[in-house]
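Undergrad: Encoded as structure tokens, here's the structure I'll be asking about.
In my numbering, the protein residues as written are 0 to 355.
What follows is the structure in structure tokens.
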């Protein structure tokens, strides 16, 4: 059986390497390589206003480029699968430049629109250049296949949908504390915090509860200030779970109806048994239904406000408890990292577009 390099996106998985290896031993003979998205430098930049977002991106890219260069020691291996898409795109670029013949699969492709047309065009050219060397591009939203096929027609035959999954049992956990009861929200990609702010602004003082959003400064606009929402900067990945778990309710307000983003934070709320309100869009319906979460209509602050008031006022009701119970059961059955790894490896080796 061929030796397959699998680039994971967290050092935490090293603790369960034997379990992961056993789960895919009938598909391939894996060589696990461990990477991460953050280090001490990125954590500092995340708390920095004005240029913090730019510096955070630069530090992400530099860290990922270093990992990609280290992977050159594996260039003689036939196949490499990336769970970390940032390292993956840099390694694909290196392979094109150095004419390295390796079968590459990259999971977690995400391409967001940008206000700057020049930046958007440069990113688009970079993606086309790098992914020409990639055999399988794995998406975490079913509708993204059509969206990205239109944006990248040269890559359209490489896109494959696979359901996401992740474990959240961090070895080193940073705890989050807040003096009062609160609603949580957070994340950066594809978020619509304006709708959340508009919803919270209309809640009466007698029904109001603190609403804390863990994000970055560049995601907050002046219109989102003074609306009964507190934005918190600098919460790390291994602190986010504590932040969600301590809340009464988790809200995932999403913006674009075609892009899959937010699954990671939604699943973390499911894993720690916190009720979830999420925007009703197709990429979320790929994962959950009304038995597990509360949906609200996209861009509808009034609908979101009604859901918030109902859930906060009925946390001990059967309807809320049953959704939390169902969400936890679904997460443990389908959305653990081990399940994701099996799906990605199987798709990359046996169901890649080139074989269809």
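Glycine included, C-beta positions come from ideal geometry on N, C-alpha and C. Note that the coordinates shown come from a computational prediction; the quantities given were computed from them, not determined experimentally.
Between which two residues does the alpha helix (DSSP H) containing residue 149 stretch?
TA: Following the DSSP letters along the chain, one finds residue 149 inside the alpha helix (DSSP H) bounded by residues 143-150.
Undergrad: Put residue 240 into one of helix, strand or coil per three-state DSSP.
TA: helix
Undergrad: Which complete beta strand (DSSP E) runs does the stretch 36-122 hold, if anything under 3 residues is left out?
TA: 78-81, 102-106
Undergrad: What residue ranges within the stretch 289-352 form continuous beta strand (DSSP E) runs of no fewer than 3 residues, ordered along the chain?
TA: 293-295
Undergrad: Check whether the stretch 175-186 and the stretch 151-164 are in contact - that is, three or more C-beta pairs closer than 8 Å.
TA: no
Undergrad: With distances taken from CA atoms, which of 1, 273, 200 is nearest residue 75?
TA: 1
Undergrad: For residue 355, which of helix, strand or coil comes out of DSSP?
TA: Note that residue 355 scores 47 on pLDDT, short of 50, meaning its location in the model is unreliable; the coordinates nonetheless yield the value given after this. DSSP places residue 355 in coil when its eight states are reduced to three.
Undergrad: When you compare the stretch 93-107 with the stretch 239-256, are there three or more beta-carbon pairs, one atom per stretch, that lie closer than 8 Å?
TA: no
Undergrad: Just confirm the distance between the C-beta atoms of residue 139 and residue 161, as a whole number of angstroms; I'd bet it's less than 8 Å.
TA: 7 Å
Undergrad: Would you mind reading off the limits of the alpha helix (DSSP H) that contains residue 209?
TA: Element bounds for residue 209: not the alpha helix (DSSP H) but the beta strand (DSSP E), 209-214.
Undergrad: Taking all protein chains shown into account, decide if residue 221 is buried (16 or more other Cβ within 10 angstroms of its Cβ) or exposed.
TA: Residue burial is scored here from C-beta neighbours: residue 221 has fewer than 16 other C-beta atoms within 10 angstroms and is therefore classed as exposed.
Undergrad: Secondary structure at residue 272, three-state DSSP: helix, strand or coil?
TA: coil
Undergrad: So the alpha helix (DSSP H) residue 195 belongs to, where does it begin and stop?
TA: 192-200
Undergrad: Residue 241: which of 223, 217, 216, 268 sits nearest, CA to CA?
TA: When only C-alpha atoms are compared, the closest one is 268.
Undergrad: Answer with buried or exposed for residue 11, where buried requires no fewer than 16 other C-beta atoms within 10 angstroms of its C-beta.
TA: buried
Undergrad: Do residue 3 and residue 137 count as a contact pair if the criterion is CB distance below 9 Å?
TA: no
Undergrad: Taking the straight line between their C-alpha atoms, what separation do you get for residue 115 and residue 121?
TA: 10 Å
Undergrad: Any idea if residue 336 is buried or exposed, counting beta-carbon neighbours within 10 angstroms, 16 or more meaning buried?
TA: buried
Undergrad: Skipping 5 residues on each side, what residues in its chain have a beta carbon closer than 7 Å to that of residue 86?
TA: 6, 34, 63, 66, 67
Undergrad: Would residue 245 and residue 313 qualify as a contact pair, given that the criterion is a beta-carbon distance under 9 Å?
TA: No. Outside cutoff.
Undergrad: Let me check one thing: in DSSP terms, what residues is residue 29 bridge-paired to?
TA: 3
Undergrad: At the level of alpha carbons, what is the spacing between residue 371 and residue 308?
TA: Here the chain comprises residues numbered 0 to 355, so residue 371 is not present and cannot be evaluated.
Undergrad: What are the boundary residues of the beta strand (DSSP E) that includes residue 231?
TA: Segment 229-232, the beta strand (DSSP E) holding residue 231.
Undergrad: Short of 6 Å in beta carbon distance, which residues of its chain neighbour residue 258, apart from the five on each side in sequence? Order them along the chain.
TA: 189
Undergrad: What are the partner residues of residue 278, as DSSP defines its beta bridges?
TA: 295
Undergrad: What does DSSP give as the partner residue(s) for residue 185 in the beta ladder?
TA: Residue pairing of residue 185 in beta bridges, as defined by DSSP: 213.
Undergrad: Taking the alpha-carbon positions, what's the residue 147 to residue 135 distance?
TA: 14 Å
Undergrad: Bridge partners for residue 359 per DSSP, in chain order?
TA: This structure gives no information on residue 359, because the portion of the chain shown stretches from 0 to 355.
Undergrad: Check for me: the beta strand (DSSP E) holding residue 251 runs from which residue to which?
TA: In the DSSP annotation of this structure, the continuous segment of the beta strand (DSSP E) that includes residue 251 starts and ends at 248-251.
Undergrad: Work out the CA separation of residue 334 and residue 301 for me, nearest whole Å.
TA: 31 Å
Undergrad: Expressed to the nearest angstrom, what Euclidean distance is found between the alpha-carbon atoms of residue 164 and residue 340?
TA: 8 Å
Undergrad: Less than 7 Å between C-beta atoms, sequence neighbours within five positions excluded: which residues of the same chain meet that for residue 223?
TA: 192, 193, 196
Undergrad: Just the C-alpha distance for residue 271 and residue 216, rounded to the nearest angstrom, thanks.
TA: 27 Å
Undergrad: Would DSSP call residue 153 helix, strand or coil?
TA: Correct three-state label for residue 153: helix.
Undergrad: In whole angstroms, what separates the C-alpha of residue 355 from that of residue 100?
TA: For residue 355, the predicted structure reports a pLDDT of 47, less than 50, and the residue's modelled location is therefore unreliable. A value from the coordinates is still provided. Rounded to whole angstroms, the separation of the alpha carbons of residue 100 and residue 355 is 21 Å.
Undergrad: Is residue 262 buried or exposed, if buried means 16 or more other CB atoms sit within 10 Å of its CB?
TA: buried
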